[in-house]
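Encoded as structure tokens, the structure appears first; notes follow it.
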Amino acid sequence: MKKLITLNINGQDFDLAVSPRDLLVDVIRKKVGLTGTKKGCGQGDCGACTVLMDGHPVLSCITLAVASQGKKIQTIEGLSEGEKLHPIQESFVEQGAVQCGYCTPGMILSAKALLDRNPDPSEEEIKQGIAGNLCRCTGYKKIVKAISAAAEKLGGKEEERVR
Amino acid sequence: MFLPEFEYFAPETLEEALGLLERYGEKAKILAGGTDLLVMMKDKLLKPEVLIDISKLIELQGIQYVPEQGLTLGAATKIDEVQHSLSIQKNWRALAQAAGELGSAQVRSMATLGGNSCHASPAAETPPALVALGAKVSLACPGGEREILLENFILGNRKTALQGGEILTRFFLPEPSPRSASVYLYHALRGAMEIDMLNVAVYLALAPDLRSCQEVRIALGAVSPVPLRAEKSEVILTGSKMENSVIEAAGRLASAQASPISDLRATAQHRREVVEVLVRRALTQAYEVARAGKEVKG
Ligand SMILES: Cc1cc2nc3c(=O)[nH]c(=O)nc-3n(C[C@H](O)[C@H](O)[C@H](O)COP(=O)(O)OP(=O)(O)OC[C@H]3O[C@@H](n4cnc5c(N)ncnc54)[C@H](O)[C@@H]3O)c2cc1C
Ligand code: FES
Ligand code: FES
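If you're matching them up, the sequences are chains R and L in order. Numbering follows the numbering used here, with no gaps: position 12 of the first sequence is 12. Add 163 to a position in the second sequence, counting from 1, and you land on the number used in the numbering used here.
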């Protein structure tokens, strides 16, 4: 049986008819049409489906859409301001931290969650922060470098986390 | 991978949740963070007809410290809140350490402390730390509430003392003694996102002389279906001076008591050897921290 729900994604409300079993990742991709969020393993291991919920990184492949009402959901599409990339996105481009790009949305959102909580992370803390995001192409070095460069750009000025 | 069909409820009070659980009985499952339950449902290992989401219940939220008594943690407290709580990092450090090792940042921001114990996986991260810290759990049913030691709550692989209709509401950790410390150590094949091959939690309280052990609890994870208290090690440590010979003997006794299995992560023999090393290391670290007075209170 379908339920009518409202999801707040990137600051915009979407009224949607979903079944309780519908996963957030599928609703975001297929019903809302934002395909930046990727689906890899579908069981919590790869992080491709990472979105932010009230600022926290969550795995949309093991999150029910019905359970996501009343939260502020942020996907990769919500990071840039129009054509202007977010500093973390800029750093990923500048450092060559993107190859096929499949892991990139999840990687960048995990990095954002980390930098919001810890604006000046050590290399070890960056690695911890992205431990749940697999990349099959770049070998992580450039990703870690990009996040470190983004931290510098942001100069510890990311907005505070909610919790 | 799709989920099977089910009906979904998100009650706002504990009473309402217990009512739903009573109404649907065996057909219903509690949904907390979903990091175990939804994965199992996707794998078709479980097929509940009703999910009761407990994430809106305020009765199950929050960490509260009452000086001289201890710490109360709602069962729906997220693992990352436990990991980052300053009070837990200071006074119940083994628990903060264990929470910090669970899954990834994403998993920690979704998963709950209650779910980790209710799922009762032998390799789970937080139960050994909670057992070493003397944790009790509160279980609510429509008629009232009961409190039992976590040690008596986890009964086997995926088996708990939860009776039909009961919800785990809170954890309670007693105030640690002054001159005490707790440590959590684990051994895994990879640094991240790995199911532990083995983990060990130690709570050690020193006598006023700061040299002998007044009280100790050692819990081993992933070497038996439930967190295993290394009771023989505890007996020889209690009242003894914390000398190397005693710590080494405690490691050997823990290793002899462990009943690990061989699986793809390690052989039973290798696990027994690692138990000995980890217990020794954890005791040594706890002794140093307790002596240095880093965690001395009052
Ligand atoms: C990618 C990944 C990595 C992981 N890594 C680790 C790891 O390193 N270490 C580790 O220990 N675990 C790990 N886990 C397992 C899991 O995240 C934890 O066990 C977690 O704590 C479960 O909590 P939850 O809130 O998600 O539980 P859920 O999945 O919501 O529930 C688990 C079970 O407990 C029951 N339940 C939950 N809360 C209550 C309650 N209050 N009262 C009664 N019953 C209840 C549910 O009905 C269900 O049967 C991992 C999981 C994933 C997906
Ligand atoms: S698709 Fe969600 S973690 Fe892999
Ligand atoms: S860039 Fe291809 S998976 Fe990371």
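Don't be surprised by glycine CBs; every beta carbon is placed ideally from N, CA and C.
Around the Cβ of residue i, are there at least 16 other Cβ atoms within 10 angstroms (buried) or fewer (exposed)?
i, result
"L/Ala455", "exposed"
"L/Phe165", "exposed"
"L/Leu214", "buried"
"L/Val398", "exposed"
"R/Asn133", "buried"
"L/Asp144", "An answer regarding residue 144 of chain L cannot be provided, because it is not within the stretch 164 to 461 covered by chain L."
"R/Val162", "Caution applies to R/Val162, whose pLDDT of 44 falls short of 50 and renders its modelled position unreliable; the value that the coordinates give is listed next. Per the 10 Å Cβ criterion, exposed."
"L/Ile221", "exposed"
"R/Met1", "exposed"
"R/Ser68", "buried"
"L/Ala274", "buried"
"L/Val229", "exposed"
"L/Asn362", "buried"
"L/Gly319", "exposed"
"L/Lys299", "buried"
"L/Lys322", "exposed"
"R/Lys30", "exposed"
"L/Asp426", "exposed"
Out of the options, state which residue places its alpha-carbon closest to the alpha-carbon of residue i.
i, options, result
"R/Cys103", "R/Ile143, R/Gly11, R/Leu34 and R/Gly55", "R/Ile143"
"L/Pro507", "L/Glu451, L/Leu348 and L/Pro423", "What is shown of chain L runs 164 to 461, which leaves residue 507 of chain L out entirely."
"L/Met204", "R/Leu23, R/Asn10 and R/Ala151", "R/Leu23"
"R/His56", "R/Ala111, R/Arg136 and R/Leu154", "R/Ala111"
"L/His350", "L/Val229, L/Arg186 and L/Leu441", "L/Leu441"
"L/Ser396", "L/Gly197, L/Ala385, L/Glu411 and L/Val386", "L/Glu411"
"L/Asn254", "L/Arg342, L/Ala385 and L/Met405", "L/Arg342"
"L/Gly278", "L/Val438, L/Ile193, L/Leu249 and L/Leu209", "L/Ile193"
"L/Ser375", "L/Gly307, L/Arg392 and L/Leu400", "L/Leu400"
"L/Gln448", "L/Glu406, L/Gln432 and L/Ser250", "L/Glu406"
"R/Val32", "R/Gln43, R/Thr50 and R/Asp13", "R/Asp13"
"R/Glu77", "R/Gly96, R/Thr50 and R/Ala97", "R/Thr50"
"L/Ala393", "L/Leu177, L/Leu331, L/Glu175 and L/Leu416", "L/Leu416"
"R/Arg21", "L/Leu200, L/Leu183 and L/Ala445", "L/Leu200"
"L/Ala292", "L/Pro305, L/Leu276 and L/Leu184", "L/Leu276"
"L/Ile226", "L/Leu209, L/Pro211, L/Leu249 and L/Lys219", "L/Leu249"
"R/Gly11", "R/Cys41, R/Thr75 and R/Leu115", "R/Thr75"
Note down the Cα distance separating residue i from residue j, rounded to an integer number of angstroms.
i, j, result
"R/Met53", "R/Cys61", "13 angstroms"
"L/Tyr155", "L/Ser403", "Since the displayed chain L opens at 164 and closes at 461, residue 155 of chain L lies outside it and no answer follows."
"L/Ala421", "L/Gly297", "20 angstroms"
"R/Ile147", "R/Ile126", "7 angstroms"
"R/Glu123", "L/Leu181", "46 angstroms"
"R/Ile88", "L/Glu244", "25 angstroms"
"L/Thr430", "L/Glu436", "10 angstroms"
"L/Arg111", "R/Gly47", "No answer is possible for residue 111 of chain L: the residues shown for chain L start at 164 and end at 461."
"L/Gly266", "L/Ser418", "26 angstroms"
"L/Pro290", "L/Leu336", "12 angstroms"
"L/Ala453", "L/Ala344", "5 angstroms"
"L/Phe172", "R/Thr35", "29 angstroms"
"L/Ser301", "L/Asn315", "12 angstroms"
"L/Glu175", "L/Ile217", "8 angstroms"
"L/Phe334", "R/Leu16", "38 angstroms"
"L/Ala385", "L/Lys207", "25 angstroms"
Just the chain L side, please: which residues come within less than 8 angstroms of residue i by C-beta, in chain order?
i, result
"R/Thr50", "Gln269"
"R/Val58", "Gln269, Ser272 and Met273"
"R/Gly47", "Ser267 and Gln269"
What residues of chain R sit near residue i, judged by a beta carbon separation below 9 angstroms?
i, result
"L/Phe316", "Going along chain R, no residue has its Cβ under 9 angstroms from L/Phe316, so there is no contact; the nearest lies around 25 angstroms."
"L/Pro167", "Arg21"
"L/Gly197", "Ile62, Thr63, Leu64 and Ala67"
For a contact defined as C-beta to C-beta under 8 angstroms, what are the partners of residue i on chain R?
i, result
"L/Lys205", "Gly42, Gln43 and Ile62"
"L/Tyr349", "None at all; the shortest Cβ gap to chain R is about 14 angstroms."
"L/Tyr171", "Lys3, Pro20, Leu64, Val66 and Ala67"
"L/Met405", "In chain order: nothing, as chain R lies at least about 31 angstroms away."
Contact defined as beta carbons within less than 8 angstroms: I believe residue i pairs with residue j. What is the distance between those atoms, to the nearest angstrom?
i, j, result
"L/Ala324", "L/Ile311", "6 angstroms"
"R/Leu154", "R/Pro105", "The Cβ separation is near 19 angstroms, so there is no contact."
"L/Tyr347", "L/Ala364", "5 angstroms"
"L/Ala261", "L/Ile317", "Not quite, the Cβ-Cβ distance comes to about 14 angstroms (not below 8 angstroms), so this is no contact."
"L/Val259", "L/Ala195", "Residue identity differs from the one stated: residue 259 of chain L is Ala in this sequence, not Val. Contact doesn't hold; Cβ gap of about 20 angstroms is too wide."
"R/Pro121", "R/Ala151", "6 angstroms"
"R/Ile73", "R/Ile9", "5 angstroms"
"L/Gln246", "L/Gly237", "Rounded, the Cβ-Cβ distance is 15 angstroms, inconsistent with contact."
"R/Gly44", "L/Val270", "6 angstroms"
Who are the neighbours of residue i on chain L, taking C-beta pairs under 9 angstroms?
i, result
"R/Ser110", "Ser267, Ala268 and Gln269"
"R/Gly96", "Residues of chain L passing the Cβ test: none, with the nearest at roughly 23 angstroms."
Using a cut-off of 7 angstroms between C-beta atoms, extract the partners of residue i located in chain R.
i, result
"L/Met360", "Going along chain R, no residue has its Cβ under 7 angstroms from L/Met360, so there is no contact; the nearest lies around 18 angstroms."
"L/Val202", "Gln43, Gly44 and Ile62"
"L/Asp426", "The premise fails here: L/Asp426 is roughly 19 angstroms from chain R at the closest Cβ pair, so nothing lies under 7 angstroms."
"L/Asp216", "Ala67"
Below 7 angstroms on C-beta distance, what does residue i contact in chain L?
i, result
"R/Gly129", "Ala268"
"R/Ala113", "Ala268"
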